[in-house]
Amino acid sequence: MSAPLAAATSIHLEVWQVAASLTLVVLAAAISFWRGADLERDIGVATVRSFIQLTLVGYAIKIIFETDTIWLVLGLLAVMVVFGAITARQRATKVPSSFVPLLVALALAAATTLGLVVALGIFDPTPRYLVPVGGMVIGNAMTASAVALNRLGDEMHDARPRIEATLALGATAREAANPTVRRALRSGMITLVDSTKTTGLIFFPGTMVGMLLAGASPTDAVRLQLILLYTLLGSVSISALVATTLAYRHFFTPAAQLRELEEPA
Amino acid sequence: MLFELREVGLDRGGKAVLDGVTASIPAGATAIVGPSGAGKSTLLRLLNRLADPDRGTIAYRDRSLDSYEPLALRREVSLVPQLPALLPGTVASNLAYAAGLAGAPPEPERTLTLAGLDPSFAERDVTKLSVGEQQRAMLGRALAQRPRVLLLDEPTSALDTAARDAIEATLARLRRELDISLVLVSHDPEQARRLAEWVVRLEAGRVADSGPLAEVLA
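Keeping their order, the protein sequence lines are chains R and L. Going by the working numbering, the residue at position 141 of the first sequence is 148; the numbering climbs one at a time, nothing skipped. Going by the working numbering, the residue at position 42 of the second sequence is 420; the numbering climbs one at a time, nothing skipped.
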């Protein structure tokens with residue numbers, strides 16, 4: 008798999024070219040101002056943050072590539088998992104103690120998918136592959152698990168009467184929450200499933216676009232993109248499954264009672 | 379006694395919903411009455427451990443409620459909530475689910491008849507039922523588990539007079555035909571007079587009075 012990524016070195020961009028693309032940021036801010044969307048400040052913050060974060064990560068990756076040790080890669084992936092869990096937690100405010108389920112979900116998704124693609128010989132276990140692929144795997148797993156837990160929190164709230172009526176029949180917490188967990192899992196996975204269905208028809212995925220811009224052959228770009236899409240499908244499935252499976256338990260006591268019930272009088 | 383409550387208290391949001399509740403509930407039909415916000419439904423939920431009290435003790439058939447396995451207890455002491463909350467599917471699938479949890483044979487015809495519904499309702503989708511029919515399906519679902527005690531939370535509050543009378547007639551018939559005890563929450567003292575032999579009257583989370591119907595609601 009070294010040929011496609013090697014092609015990425017054939018493109019070189021100057022700082023002025025990046026600066027020129029800020030024109031479109033100004034356009035976005037102008038639209039927001041003109042139509043009263045009140046996002047000018049957020050657009051500014053997003054632009055500055057993306058510049059700083061990506062620049063720092065760019066240098067970090069450069070160092071990791073140059074030192075070429077697996078431990079630095081694992082350290083970077085661990086940091087990504089922790090920050091991913093922290094970020095996803097902010098989307099799952101209705102789920103009590105969601106951090107640990109998210110942390111475990113992201114870590115397992117990353118370990119399983121990266122382990123598998125290396126074990127199957129798809130990618131070499133080197134920083135050049137593991138860092139960018141790991142970043143995509145963890146980023147997508149974060150989004151999927153955040154969406155799944157956000158839905159879980161809403162559903163557990165809305166479906167309380169039905170869940171408690173099921174518990175009242177002597178069902179276990181798992182049995183009572185099962186339909187809710189199923190819907191939450193589905194909502195975590197559905198976005199990537201849908202975008203995978205329409206890939207190439209409605210949008211071109213980023214990796215493929217990047218490789219084509221960098222001068223790689225379309226065949227290589229497509230193959231790599233397919234590998235990444237299938238890897239991400241595995242990653243979001245694992246993360247949404249693990250996050251919902253661990254998190255729903257936090258709504259129940261060990262005696263299969265719903266926690267934090269608004270008690271009827 | 380069926381249930382014995384001693385100094386039972388429960389707080390929610392820093393406020394006592396139940397406070398120092400001491401009462402006996404004998405086998406038979408008992409009504410828990412009182413104004414809105416008195417803690418009636420909360421008390422009912424304690425009886426099959428859908429919630430546990432913060433203070434005090436509850437005994438069921440002379441054994442501490444804590445000593446019962448909660449899931450097995452709920453199949454024996456079955457609660458029918460105030461508003462219907464059936465699982466998606468048909469009436470029969472709801473009955474079969476409940477029977478399956480209790481390890482009881484699914485007998486939709488018998489159960490629906492007991493609940494006052496025609497057996498033809500078995501294959502009806504639950505979303506196509508009126509509120510009264512859903513409430514009867516909820517009752518049937520509880521009966522499918524062959525419980526020894528039925529806890530009924532305002533079973534007729536969402537119904538019109540005709541549907542209310544029909545449910546009350548069904549409950550009276552259940553008492554006659556099955557060896558089953560009823561604990562019924564109601565804001566309506568007249569309903570307690572029609573259905574119960576024993577009354578616990580709550581006010582602001584405390585027992586204002588309890589005893590035989592003739593003494594409490596004279």
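Every residue, glycine too, gets a C-beta built ideally from N, C-alpha and C.
Check the Cβ-Cβ distances between R:E162 and every residue of chain L, and say whether any is below 9 Å.
In the first sequence, counting from the first residue as 1, residue 162 of chain R sits at position 155. No, R:E162 does not count as interfacial toward chain L.
With distances taken between CB atoms, is the gap from R:A153 to R:T94 smaller than 9 Å?
Locating residue 153 of chain R in the first sequence gives position 146, where the first residue counts as 1. Locating residue 94 of chain R in the first sequence gives position 87, where the first residue counts as 1. The answer is yes: Cβ separation under 9 Å.
With a threshold of 9 Å between beta carbons, is L:S471 in contact with chain R?
Walking along the second sequence from the start, residue 471 of chain L turns up at place 93. Contact with chain R is absent for L:S471, since none of that chain's Cβ atoms lies less than 9 Å from the residue's Cβ.
Simplified DSSP assignment, three categories, for R:A262
Indexing the first sequence from 1 puts residue 262 of chain R at position 255. Note: R:A262 maps to coil in three-state DSSP.
Could you give the DSSP three-state label for L:S414: helix, strand or coil?
Translated into the one-based positions of the second sequence, residue 414 of chain L becomes position 36. If DSSP states are grouped into helix, strand and coil, L:S414 belongs with coil.
R:T276 in three-state terms, based on DSSP:
As shown, chain R starts at 8 and ends at 272. That puts residue 276 of chain R outside it, with no answer to give.
Alpha-carbon spacing of L:S419 relative to L:P567, whole angstroms
By 1-based counting over the second sequence, the position of residue 419 of chain L is 41. By 1-based counting over the second sequence, the position of residue 567 of chain L is 189. Between the alpha carbons of L:S419 and L:P567 lies a gap of roughly 15 Å.
Residue ranges of each beta strand (DSSP E) run of no fewer than 3 residues wholly in the region 509 to 583 of chain L, ordered along the chain?
527 to 531, 559 to 564, 576 to 581, all fully within the region 509 to 583 of chain L.
Using 8 Å for Cβ pairs, my map puts R:T168 next to L:P497. What's the rounded Cβ distance?
For this step, residue 168 of chain R is matched to residue 161 along the first sequence. For this step, residue 497 of chain L is matched to residue 119 along the second sequence. The sequence as given places Pro at residue 168 of chain R; Thr does not occur at that position. Contact flag wrong, Cβ pair sits at about 27 Å.
Indicate whether R:L219 and R:P225 have their beta-carbon atoms separated by less than 9 Å.
For this step, residue 219 of chain R is matched to residue 212 along the first sequence. For this step, residue 225 of chain R is matched to residue 218 along the first sequence. Cβ atoms of R:L219 and R:P225: closer than 9 Å.
Kindly identify the DSSP beta-bridge partner or partners of L:D503.
Counting from 1 along the second sequence, the entry for residue 503 of chain L is found at position 125. DSSP lists L:T468 as partners of L:D503.
Exposure label - R:A263; buried when at least 16 CB within 10 Å:
Your numbering for residue 263 of chain R matches position 256 in the first sequence. Result: buried.
Residues of chain R with CB closer than 9 Å to the CB of L:D430, please, in chain order.
Indexing the second sequence from 1 puts residue 430 of chain L at position 52. Contact note: L:D430 reaches chain R through T260, A262, Q264, using a C-beta cutoff of 9 Å and chain order.
Pull the bridge partners of R:G207 from the DSSP assignment, please.
Reading the first sequence from its first residue, position 200 is the one you call residue 207 of chain R. Note: R:G207 sits in no beta bridge, so no partner.
Give the C-beta separation of L:V577 and L:A570 to the nearest angstrom, bearing in mind that I take them to be a contact with Cβ-Cβ under 8 Å.
Residue 577 of chain L sits at position 199 when you count from the first residue of the second sequence. Residue 570 of chain L sits at position 192 when you count from the first residue of the second sequence. 6 Å between Cβ atoms; contact.
With L:L562 and L:A407 assumed to form a contact (beta carbons below 8 Å), what rounded beta-carbon distance in angstroms separates them?
The sequence position of residue 562 of chain L within the second sequence is 184, counting from 1. The sequence position of residue 407 of chain L within the second sequence is 29, counting from 1. Contact check for L:L562 and L:A407: beta-carbon distance about 7 Å, within the 8 Å limit, so the pair qualifies.
Got a sec: is the Cβ-Cβ distance from L:P448 to anything in chain R below 9 Å?
Against the second sequence, residue 448 of chain L aligns to sequence position 70. Interface residue, yes.
What separation, rounded to the nearest whole angstrom, lies between the Cα atoms of R:V124 and R:S57?
For the purposes of this step, residue 124 of chain R is taken as the residue at position 117 of the first sequence. For the purposes of this step, residue 57 of chain R is taken as the residue at position 50 of the first sequence. Looking at the two C-alpha atoms, the distance is approximately 29 Å.
So which residues on chain R does L:P567 lean against when the C-beta distance must stay under 7 Å?
Residue 567 of chain L sits at position 189 when you count from the first residue of the second sequence. At a beta-carbon threshold of 7 Å, none of the residues of chain R lie near L:P567; the nearest stands roughly 17 Å away.
Between R:N147 and R:S242, how many whole angstroms is the CB-CB distance? I'm expecting something under 8 Å.
Here the question's residue 147 of chain R lines up with position 140 in the first sequence. Here the question's residue 242 of chain R lines up with position 235 in the first sequence. At roughly 6 Å, the Cβ-Cβ gap stays under 8 Å, so R:N147 and R:S242 are in contact.
Test item: CB-CB of L:G387 and L:L380 under 9 Å:
Sequence index remark: in the second sequence, residue 387 of chain L carries index 9 (1-based). Sequence index remark: in the second sequence, residue 380 of chain L carries index 2 (1-based). In this structure, L:L380 does not lie closer than 9 Å to L:G387 by Cβ.
Taking all protein chains shown into account, decide if R:Y66 is buried (16 or more other Cβ within 10 angstroms of its Cβ) or exposed.
Here the question's residue 66 of chain R lines up with position 59 in the first sequence. Within 10 angstroms of the beta-carbon of R:Y66 lie fewer than 16 other beta-carbons, which makes it exposed.
Should L:L443 and L:L424 be called a contact, given that it needs their Cβ atoms to be closer than 9 Å?
Along the second sequence, read from residue 1 onward, the residue named residue 443 of chain L stands at position 65. Along the second sequence, read from residue 1 onward, the residue named residue 424 of chain L stands at position 46. Against a cut-off of 9 Å, the Cβ pair of L:L424 and L:L443 comes out as a contact.
On the criterion of 16 or more Cβ atoms from any shown chain inside 10 Å, does R:V138 qualify as buried, or is it exposed?
Working through the first sequence from its first residue, we reach residue 138 of chain R at position 131. Residue environment: R:V138 is assigned as buried (16 or more neighbouring CB atoms within 10 Å of its CB, all protein chains considered).
C-beta neighbour in chain R for L:A405, strict 9 Å
Along the second sequence, read from residue 1 onward, the residue named residue 405 of chain L stands at position 27. Judged by the 9 Å Cβ criterion, L:A405 is not in contact with chain R.
Indicate whether L:T489 and L:L521 have their beta-carbon atoms separated by less than 9 Å.
Position 111 of the second sequence, counted from the start, is the residue given in the question as residue 489 of chain L. Position 143 of the second sequence, counted from the start, is the residue given in the question as residue 521 of chain L. Taking 9 Å as the cut-off, the beta carbon of L:T489 is found closer than this to the beta carbon of L:L521.
R:Y255 at chain L interface by Cβ criterion, 9 Å:
Residue mapping note: residue 255 of chain R aligns to position 248 of the first sequence, counting from 1. Between R:Y255 and chain L, the shortest Cβ-Cβ separation is not below 9 Å.
Say whether the region 537 to 545 of chain L touches the region 481 to 488 of chain L, bearing in mind that this needs 3 or more beta-carbon pairs closer than 8 Å, one atom from each stretch.
Verdict: no, contact absent.
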